[in-house]
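Encoded as structure tokens, the structure appears first; notes follow it.
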Amino acid sequence: MRPLGLYVHIPFCRRKCHYCDFVSFSGMEGVFNRYIDAVIAEAKQYKKLFKEYVVDTVFIGGGTPSVLEIPHIIKLVSGINNAFRHHIKEFTIETNPEKLNAEKLSAYSDLGINRVSIGLQSHDDTILRRIGRRHTWDDFLRAYTDASRFFKNINTDIIFGLPGQTTECFFETVEKVISLKPQHVSAYSLKVEQTTPLAKSFSGADEDTDRAMYHGAVDMLESAGYVHYETSNFALPEFECGHNLKYWTCAEYLGLGVAAHSFAGDARRSNTESLQDYMEATESRLPQAADMTKLGEHEKAEEYIMLRMRLADGIVFNDYNTRFNKDFSAEFLNQISAAQKMGLIVADKDGIRPTKKGFDLQNTLICEFIK
Amino acid sequence: MAADMEKIRNFCIIAHIDHGKSTLADRLIELTHTVSQRDMKQQILDTMDLEQERGITIKAQAVRMFYQFGGAEYILNLIDTPGHVDFSYEVSRSMAACEGAILVVDASQGIEAQTLANVYLAMDNGLEILPVINKIDLPSARIDEVCKEIEDVLGLDTSYAPRISAKEGTGVNDVIEAVIKHLPPPKGDFSAPLQALIFDSYYDNYKGAISYVRVKNGSVSEGDGILFMAAGKRFEVTETGVFLPAPLKTQSLSAGEVGYIAASVKNVSDTRVGDTITNAKGGAASPMPGYKHVTPMVFCGIYPADGANYEDLRDALAKLSLNDASLIYEPETSVALGFGFRCGFLGLLHMEIIQERTEREYDLDIVTTAPSVSYHVTTVKGEKVIVENPTNLPPATSIEYMEEPFADVTIMMPDEYVGAVMDICQEKRGIFKNMEYIEETRVMIHYELPLNEIIYDFFDILKSRTRGYASLDYELTGYKKSDLVRLDIMLNGEVCDALSIIVHRDKAYARGRGIAEKLKDAIPRQMFEVPIQAAIGGKIIARETVRAMRKDVLAKCYGGDITRKKKLLEKQKEGKKRMRQVGSVQVPSEAFMSVLKMD
């Protein structure tokens, strides 16, 4: 049996945040039911194709999956459970503080969901308003307290480089989060996407501020016992996100829902980004893949390097060598030595790992290894 | 059957850019039904894409038209000439193929510097000149004033000058009839040995280099043995013909006629403009006067943006030079740019045309180095060295003195811009010669200017400070001693040879600072701080710094969507290919170009 990660995209929000360019829509409460049905129908389509697989991680992301009402979630979870053989070790749902309550959290827990991710972004209410978030720090605290009653594995998302955010202000957010002792923290550097409303009034923090925030957060979280295991991710030992690790280690995953991405076998696939098209295609039992790429060995190896370099563990020679039947240290002899000289990696007999500088200049580092 | 010379008119059109030369040519062709309406593209004589786009004529062409007048059929050969100063030699040869010239003057603009230069050239070639006042439909037309200007400045009679609007077709008949009435027919001797003047040539993949000729004496037909007198090469004629404007094979070409000769010539350098073709046996005793081996005046390095495309660039230049004997190129290497070519051009426009054609017709991304002129260096040992590439300048200590080319520059402009133009000329180390009013509000100024200042940004500055109202012409006068230095640019302590330029000592500081500032923006942040220094000898005169890159990472790969990250890396990888390694510094190809012009 091959393990499979399952991602389910819930493309709904009460209102879209000003910095967000993910596929998500607001004011669509009327189609929630229809959409859930479509996702379940899509899952059924894959039933045969994935009969050799067993689902061991599930991630319901968005959007804001917590905008769904309890009956939607029940239907969704039982639908996917019916479609795939499963032995779920980690089952995450993404939430936002404003629509989260004890009743929902209790229902999640009853359904077998064992990890919640809560979007905080900043503790500063002024900044939250400025970036279009609909909750306050107090809302978050309430949600977090409720969540910790039902869950022993909680992630908190924070963002740095926000408009109006000083280094001190961001560090205060980090401190406040650490004091709650979540098992997992994601700290993202804001990238202002040109298509978002925020881009009209903000071009992003300067590099120096951005890095000061990042380095400070890494130091603070590491001193508090968190392992900096991926570029933007920190976890208490044993609490790394198993589902997300699949993305970075080129493990197989299936994405359900509009704009969802999949990687299985030799192919990467993505669903249409149009909600209408997605639902209509699925309802008529048509495949709705918008895009499908079959990867060659070379491309696979390049993707592997690109993704593995995001991890603190970097590239483990043994894994690469077995997977691609090659010898990494021989193949990249010059690149390894060049990257070492540039101070981007440390290398030993087992593998190469990015340094702090390597995390900062990750793309430069990856480009060294891509031909 | 030789044509009756009395019924032939060979003429060209002289006009400043935008005064309507090509439009008039189109109308003449239309009116004589030379090309059917269906095939009529605007500006039919300008066949190259580039010409049509820029609205300028690069290569001369000839077209034969027929017109019924006074009960007889006349053959009108219109020889199109380039309108730009870079090609003045080609213009002069085209004129030598004619007996007359139509001078087109824009009724709202009046005479411009280039018009003036070309009219004098026509007069020197003994051409009869027929003035034509164009664009009379414009509300701003000043017909009488412009006529007076023509009479005062050029001494031409405008009483019979047709007043037309080529755009609307008004008065074009008058032009044709005036050509027949006022321009003289050719003279020549059918029975004399062949003398055919080459006024243009082009390379045809099947027929080889084809000469566009005006037959002065004798005749030529298929199978004849011919001799290119200056080139000293012999060939056998495979075809003669005329242009309608598509080529039409004829049995022969004889005295007075204009057409083409194909003779399986492999190389355009054998069909040099200005050369005379005669019979291989019993040919003319002497060639026609005026042949000149044109030498390039402006030089620059051309390199492929991606070093892997070197061979493609070589092919492109080889093909371009097939059709352009005045383009010269030879391989050179630059530490910064790798393998490329040092190319010589007739002038700046010629250079830009070649660069553009390389990119457009051969789909190559190229990097060009700053244009340079040819400097004469005399060393302390008394040796003379010609330097076309600043990198090859001997060390300052071994130079006794240097000389640079100067040009006589004529600028015409409305009088309100005199101050601005004189300022520019002074800034550019110009030596004032004289100034005259050619009309109440129009002025002509003569300056002597170093050519290296003209090729830098003179045109751009002149254009912007006179809002495009000034026109310019220049002619090389010779070399003069000058206090010149080589300005080097160092990146992270290492000289980047491709960025070195030769400048006047007084200009070095400003240029050095300008280049350093430009590079600061053009060079992306690297993993370490990169000092950019401008230096003369070992002395640093300007410094800028590119700060070290702090961040180059994408925070998120959401929901397993790695496409964004892949795209970003692809772009980065592509960008890397266009980077040149200068010592330890990665320099994008664009950076080399960004220093060529100052804003």
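Residue numbers (my numbering), protein chains in the order written: chain A, 331 to 701; chain B, 159 to 757.
Note that the Cβ used here is the ideal one computed from N, Cα and C, for glycine as well.
Can you list the residues of chain B that residue i reaches, using a CB-CB cut of under 9 angstroms?
i, result
"A:L637", "C715, I720 and K723"
"A:A590", "G717, G718 and D719"
"A:L691", "M685, M707, R708, K709, D710 and V711"
"A:S614", "Near A:S614 there are no residues of chain B at all, since even the closest Cβ is about 25 angstroms away, more than 9 angstroms."
For a contact meaning CB atoms closer than 7 angstroms, what does residue i contact in chain B?
i, result
"A:I700", "L727 and K731"
"A:M609", "Result: empty, since nearest Cβ-Cβ is about 19 angstroms, beyond 7 angstroms."
"A:S396", "Ordered by position in chain B, no residue passes the 7 angstroms Cβ test against A:S396, which lies about 16 angstroms from the chain."
"A:T652", "Ordered by position in chain B, no residue passes the 7 angstroms Cβ test against A:T652, which lies about 22 angstroms from the chain."
"A:E537", "R708 and K709"
In chain B, what lies closer than 8 angstroms to residue i by C-beta?
i, result
"A:I448", "Ordered by position in chain B, no residue passes the 8 angstroms Cβ test against A:I448, which lies about 17 angstroms from the chain."
"A:T602", "Going along chain B, no residue has its Cβ under 8 angstroms from A:T602, so there is no contact; the nearest lies around 13 angstroms."
"A:E633", "I720 and K724"
"A:G307", "Lying outside 331 to 701, the shown extent of chain A, residue 307 of chain A is not represented and no answer is given."
"A:Y474", "What A:Y474 touches in chain B: nothing, since even the nearest Cβ is about 22 angstroms away."
Who are the Cβ neighbours of residue i in its own chain at under 8 angstroms, not counting the five residues just before and after it?
i, result
"B:R212", "Per-residue confidence for B:R212 stands at a pLDDT of 47, beneath the threshold of 50, marking its modelled position as unreliable; no derived number is given."
"B:R701", "A674, P689, I690, Q691 and A692"
"A:A709", "Nothing in the structure corresponds to residue 709 of chain A, since chain A is present only between 331 and 701."
"B:V426", "S359, Y360, Y361, A367, S479, L480, N481, D482 and A483"
"B:D347", "N375, G376 and A413"
"B:L712", "R722, K723 and L726"
Let me see if you follow: with CB-CB separation under 7 angstroms, is residue i close to chain A or not?
i, result
"B:V711", "yes"
"B:M751", "no"
"B:P746", "no"
Examine chain B for any beta-carbon lying closer than 7 angstroms to the beta-carbon of residue i, and answer yes or no.
i, result
"A:G391", "yes"
"A:D540", "yes"
"A:S562", "yes"
"A:S553", "no"
"A:S519", "yes"
"A:T497", "no"
"A:T503", "no"
"A:M543", "no"
"A:A365", "According to the sequence displayed, residue 365 of chain A carries Tyr and not Ala. Taking Cβ atoms only, chain B never reaches closer than 7 angstroms to A:Y365, which makes this a no."
"A:M358", "no"
"A:T525", "no"
"A:Y337", "yes"
"A:N672", "Residue identity check: residue 672 of chain A is Met in the sequence provided, not Asn. For A:M672, the answer is yes, since a Cβ of chain B falls inside 7 angstroms of its Cβ."
"A:Y559", "no"
"A:Y583", "yes"
So, for residue i: in the same chain, excluding its five sequence neighbours on each side, which residues have a beta-carbon less than 6 angstroms away from its beta-carbon?
i, result
"A:T486", "I448, L450, V507, P512 and V515"
"B:P608", "E562, F564 and R587"
"A:C499", "D454"
"A:A547", "V504 and A517"
Using a C-beta to C-beta distance shorter than 7 angstroms, which residues of chain D count as neighbours of residue i?
i, result
"B:K734", "Considering every chain present, this structure includes no chain D. Its protein chains are A and B."
Is the beta carbon of residue i less than 7 angstroms from the beta carbon of residue j?
i, j, result
"A:W578", "A:L616", "no"
"A:T561", "A:R683", "no"
"B:L649", "B:G670", "no"
"B:V249", "B:A494", "no"
"B:A749", "B:L642", "no"
"A:H339", "A:G534", "no"
"B:A220", "B:Y370", "yes"
"A:F593", "A:I635", "no"
"B:I460", "B:F503", "no"
"A:K576", "A:G335", "yes"
"B:I166", "B:I233", "yes"
"B:I516", "B:D566", "One detail in the question is off: residue 516 of chain B reads as Thr in this sequence, not Ile. Taking 7 angstroms as the Cβ cut-off, B:T516 and B:D566 do not qualify as a contacting pair."
"B:L189", "B:G258", "no"
"A:A477", "A:L510", "no"
Apart from the five residues on each side of it in sequence, which residues of its chain come closer than 7 angstroms, Cβ to Cβ, to residue i?
i, result
"B:V277", "I172, L261, I287 and L312"
"B:L296", "A265 and S266"
"A:F380", "L334, F414 and L584"
| query | Does the pairing of the region 175 to 190 of chain B with the region 681 to 699 of chain A give three or more beta-carbon distances under 8 angstroms? | reply | Verdict: no, contact absent.
| query | Is the region 614 to 626 of chain B touching the region 576 to 592 of chain B, taking contact as three or more C-beta pairs under 8 angstroms? | reply | By the Cβ criterion, the region 614 to 626 of chain B is in contact with the region 576 to 592 of chain B, since at least three pairs of Cβ atoms, one from each stretch, lie closer than 8 angstroms.
| Cβ contact (3+ pairs, closer than 8 angstroms) linking the region 361 to 379 of chain A and the region 421 to 430 of chain A | Flag = no, the region 361 to 379 of chain A and the region 421 to 430 of chain A do not touch.
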